[in-house]
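Numbering (this note's numbering), first residue to last: 948 to 1158. Beta carbons: idealized from backbone N, C-alpha and C, even for Gly. None of the values given here were measured: they were computed from a predicted structure.
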């Protein structure tokens, strides 16, 4: 899922006319997302966010729900919102029948290898996008956490910042696993809570503000 929603006028959405309705939910649109493609339809921010998140999780790329154009998602710390642009796609090899002289088994093996490569690339794209957004949002997250800490002191968060590893080791196993999965990591090979906590720290890096 994308880390910060684009919804709301304060996030830079363009105002829609009174007659506009969302192309997905058909509800009236108060503020319509500025589309990075040439589609002439309106989306409410909630449906746009959900559509991008769904295509991102299933295919490795966020896509316009109407024209299926690949959408690059970035976070602008100055605007404090997500921004969208058209993303160049890699050319995929077209599906074809067996090559000349290629038997059925060889063709099936080649198709299986191609599918494995496709799934691997999908995982790489998800990881690349997740890492980019995490890096782009880090300064804003730190700023917001500092503001929250000043307004509403949280002793447990201070303890986690001082000793992040100890704080993670105290979490239940299922919560550690869910956080690892949320960071696009795998729990495979982690047999106990200590290994899960260390793996999560490795995914997050040494910056305690990312906990």
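Rounded C-alpha distance that separates residue i from residue j
{"i": "residue 972", "j": "residue 992", "result": "11 Å"}
{"i": "residue 1021", "j": "residue 996", "result": "13 Å"}
{"i": "residue 1127", "j": "residue 1091", "result": "23 Å"}
{"i": "residue 1123", "j": "residue 1116", "result": "9 Å"}
{"i": "residue 1014", "j": "residue 1078", "result": "27 Å"}
{"i": "residue 1142", "j": "residue 1131", "result": "17 Å"}
{"i": "residue 1030", "j": "residue 1052", "result": "47 Å"}
{"i": "residue 1125", "j": "residue 1049", "result": "45 Å"}
{"i": "residue 1118", "j": "residue 1147", "result": "12 Å"}
{"i": "residue 1149", "j": "residue 1133", "result": "12 Å"}
{"i": "residue 1063", "j": "residue 1095", "result": "45 Å"}
{"i": "residue 1036", "j": "residue 1099", "result": "45 Å"}
Candidates the options, of which the one nearest residue i by Cα
{"i": "residue 1113", "options": "1144, 987, 1062", "result": "1144"}
{"i": "residue 970", "options": "982, 985, 989", "result": "989"}
{"i": "residue 1073", "options": "1151, 1000, 1011, 1060", "result": "1000"}
{"i": "residue 994", "options": "1129, 1012, 987, 986", "result": "1012"}
{"i": "residue 1027", "options": "1151, 1121, 1089", "result": "1089"}
is_contact[residue i, chain D] using C-beta, thresh 8 Å
{"i": "residue 1126", "result": "Although the question refers to chain D, the structure presented lacks it and comprises just one protein chain."}
Cβ neighbour criterion (16 or more within 10 Å) applied to residue i
{"i": "residue 980", "result": "buried"}
{"i": "residue 1076", "result": "buried"}
{"i": "residue 1111", "result": "buried"}
{"i": "residue 998", "result": "buried"}
{"i": "residue 1017", "result": "buried"}
{"i": "residue 976", "result": "buried"}
{"i": "residue 1061", "result": "exposed"}
{"i": "residue 982", "result": "buried"}
Three-state secondary structure assigned by DSSP to residue i
{"i": "residue 1111", "result": "helix"}
{"i": "residue 1012", "result": "coil"}
{"i": "residue 1148", "result": "helix"}
{"i": "residue 1071", "result": "helix"}
{"i": "residue 1121", "result": "helix"}
{"i": "residue 1157", "result": "Note on residue 1157: pLDDT 47, under 50, position unreliable in the model; no value is reported."}
{"i": "residue 975", "result": "strand"}
{"i": "residue 1020", "result": "strand"}
{"i": "residue 982", "result": "coil"}
{"i": "residue 1128", "result": "helix"}
Mind the definition here: the stretch 1075-1083 touches the stretch 1132-1140 only if three or more C-beta pairs lie below 8 Å; say whether that holds.
-> no
Is the number of C-beta pairs between the stretch 1068-1078 and the stretch 1003-1018 that are closer than 8 Å three or more?
-> yes
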